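A.B. asks:
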Amino acid sequence: MQRSLTVIYTAIVLDAVGIGLIFPILPSLLAEVTGAGNVAAYIGIMTALYAVMQFVFAPVLGALSDRLGRRPVLLISLGGAAVNYLFLAFAPNLWLLLLGRAIAGLTSANVSVATAYVTDISPEDRRARRFGLLNAMFGIGFIIGPVLGGALGDHWLRLPFIAAAVLNAGNLLLAFLVLPESRTPSRERLDLAALNPLRSLRWALSIKSLRPMIFIFFAFAATGEVYGTCWALWGGDTFQWNGLWIGLSLGAFGVCQTLAQAFLPGPAVKLLGERGAVLTGIGGASIALVVVAFATESWLIFAIMPVFALGGIGAPALQSLATRQVDESRQGQFQGVLASVVSLASIAAPLLFSSLYFVFRDHWPGAIWLSVVGLYAGLVPLVLGLRFKPTPPLAALAGDR
19 MQRSLTVIYT
29 AIVLDAVGIG
39 LIFPILPSLL
49 AEVTGAGNVA
59 AYIGIMTALY
69 AVMQFVFAPV
79 LGALSDRLGR
89 RPVLLISLGG
99 AAVNYLFLAF
109 APNLWLLLLG
119 RAIAGLTSAN
129 VSVATAYVTD
139 ISPEDRRARR
149 FGLLNAMFGI
159 GFIIGPVLGG
169 ALGDHWLRLP
179 FIAAAVLNAG
189 NLLLAFLVLP
199 ESRTPSRERL
209 DLAALNPLRS
219 LRWALSIKSL
229 RPMIFIFFAF
239 AATGEVYGTC
249 WALWGGDTFQ
259 WNGLWIGLSL
269 GAFGVCQTLA
279 QAFLPGPAVK
289 LLGERGAVLT
299 GIGGASIALV
309 VVAFATESWL
319 IFAIMPVFAL
329 GGIGAPALQS
339 LATRQVDESR
349 QGQFQGVLAS
359 VVSLASIAAP
369 LLFSSLYFVF
379 RDHWPGAIWL
389 SVVGLYAGLV
399 PLVLGLRFKP
409 TPPLAALAGD
419 R
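This note's numbering numbers the first residue of the sequence shown as 19 and each following residue consecutively.
Shown next as structure tokens:
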């Protein structure tokens, strides 16, 4: 089992590396292939395209893994990622870069399959901890990706893609050799209509106990986007931070979040229960955000990071709770829905929070963090009102078949 988890965690790290490695080189790469002086619009298109492809294909890959098995879908996606990164390394123009980035978003949608695999092999009392480790692996990859992309891109703009291709090929070989199938594939005939991502979302929303959980999960994903969108702007406006200090602060945040997600969700759920762990995560993040909003000394930002990290235990606990509401035969489809919800948040939230920031900027830049606290406060009644069953709602599932 440990070898299987190693392969799955490595796949998640590589997904995050693939997202992050392009950030440092993207402006120069787009300037090279387009000849444009201002490439901001192209950056926005490539970022949105990646997220849209994840939104569309995460439930598709998850549903396929329910029918065909987790292992073949993971192997195909890892192989596709390796080939696609080689394609990106030699794409000569903008349209082929866009095509390659779209395919990268498709293959990275395998996070839904990886999460379903962990659900398959994990007893309920260990799911929160392992989901926390999944999130921690994503955090590690997101730290490694920009560093790797920046360092290799200084030698050749396309070199990061070759490195990503080699890493994915290595993980493909590892998965092929040691990763067993985690569940017996369904013998039901594959319904092509079930691969419609909107149908998967509609199915999940048809289960009454899942609706508030899906909304809370969306809100958690949306609040996670505010840091990438506003942190650098706020740091420069409030403390006149340069790039080094912005990088150090984000690095400190990433390290604390990764450690918290790796080690705290399991003990927190055992001590507080899943609902209590979600509320503790909301509380920790809200306290830290209030301090950040009113801070006038930059050292306070680094001092509050451990409290900030408590926010990382909420999503794994909620995800563990939600898995109990879905039949084991549809975990892949459900994890695909959650991955699509995250992708949808990554499209909508940056637009919302960037607009809010420029409303607050001239009067009080720190107010952006209080808007996040307000969103968290609105989630508390939803969390307290969660009604869930200890066993999956089989009747709801049967009615959808």
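Ideal Cβ positions, reconstructed from N, Cα and C, are used throughout, including at glycine.
This structure is a prediction, so every number in the text was calculated from the model and none was measured.
#1: First and last residue of the alpha helix (DSSP H) that includes T341?
#2: CA-CA distance, V35 and I158?
#3: What is the DSSP secondary structure of N111, counted as helix, strand or coil?
#4: Here's the rule I'm using: 16 or more other beta-carbon atoms within 10 Å means buried, otherwise exposed. How should N111 be labelled?
#5: Report the rounded CA-to-CA distance for G98 versus A183, giving the unit in angstroms.
#6: Apart from the five residues just before and just after A278, which ones in its own chain have a Cβ nearer than 7 Å to its Cβ?
#7: What is the DSSP secondary structure of T314, counted as helix, strand or coil?
#8: With H, G and I counted as helix, E and B as strand and the rest as coil, what does DSSP make of L192?
#9: Quick check on this structure: which residue in L369, F371, P368, L339 has the alpha carbon closest to the alpha carbon of L356?
#10: Expressed to the nearest angstrom, what Euclidean distance is found between the alpha-carbon atoms of F352 and Q275?
#11: Smallest Cα separation from R21: which of I139, A306, P77?
#12: Could you give the first and the last residue of the continuous alpha helix (DSSP H) run that contains A29?
#13: Whose C-beta lies closer than 6 Å to the C-beta of M71 among residues of the same chain, with five residues either side of it excluded?
#14: In whole angstroms, what is the alpha-carbon distance linking S364 and V390?
#15: Let me know if A413 comes out buried or exposed under the rule of 16 or more other beta-carbons within 10 Å of its beta-carbon.
#16: With 16 other CB atoms within 10 Å as the buried threshold, where does S373 fall?
#17: Using the C-alpha atoms, what's the distance from R348 back to D418?
#18: With a threshold of 8 Å, are at least 3 pairs of Cβ atoms found where one atom belongs to the segment 381-397 and the other to the segment 234-254?
#19: Out of I386, V25, Y103, L362, which one is the CA nearest neighbour of A237?
#20: Rounded to the nearest angstrom, what separates Y375 and L190 at their Cα positions?
#21: Please classify A416: is it buried, with 16 or more other beta-carbons within 10 angstroms of its beta-carbon, or exposed?
#22: Give a yes or no on contact between the segment 37-54 and the segment 156-172, applying the rule of three or more CB pairs nearer than 8 Å.
C.D. replies: By the coordinates alone:
#1: Counted as a single uninterrupted DSSP element, the alpha helix (DSSP H) harbouring T341 occupies residues 332-341.
#2: Spanning the two alpha carbons is a distance of roughly 8 Å.
#3: Three-state DSSP puts N111 in coil, outside helix and strand.
#4: When all chains shown are included, N111 counts as exposed.
#5: Cα to Cα, the separation comes out at about 10 Å.
#6: Excluding residues within five positions, the ones whose Cβ falls inside 7 Å are A327, L328, G330, I331.
#7: The answer is coil: DSSP assigns T314 none of H, G, I, E or B.
#8: In the displayed model, L192 falls within a helix according to three-state DSSP.
#9: Considering only alpha carbons, the answer is L339.
#10: Cα to Cα, the separation comes out at about 25 Å.
#11: It is I139.
#12: Element bounds for A29: 20-38.
#13: Within the same chain, Cβ atoms closer than 6 Å to the Cβ of M71 are found at A120, G123, L124, the five residues on either side in sequence being excluded.
#14: Using only the alpha carbons, I get a separation of about 15 Å.
#15: Low confidence applies here, because A413 scores a pLDDT of 37, under 50, leaving its location unreliable; read the following figure in that light. Counting Cβ neighbours within 10 Å, A413 comes out exposed, since fewer than 16 surround it.
#16: So S373 ends up on the exposed side.
#17: Unreliable placement is indicated for D418, whose pLDDT of 40 sits below 50; no coordinate value is reported for it.
#18: Judged by pairs of C-beta atoms under 8 Å, the segment 381-397 touches the segment 234-254, as three or more such pairs exist.
#19: Comparing Cα-Cα distances from A237 to each of I386, V25, Y103, L362, the minimum goes to L362.
#20: Rounded to the nearest whole angstrom, the C-alpha separation of Y375 and L190 is 42 Å.
#21: Annotation note: pLDDT 37 at A416 (below 50); position unreliable, coordinate value reported separately. Result: exposed.
#22: Output reads yes: the segment 156-172 touches the segment 37-54.
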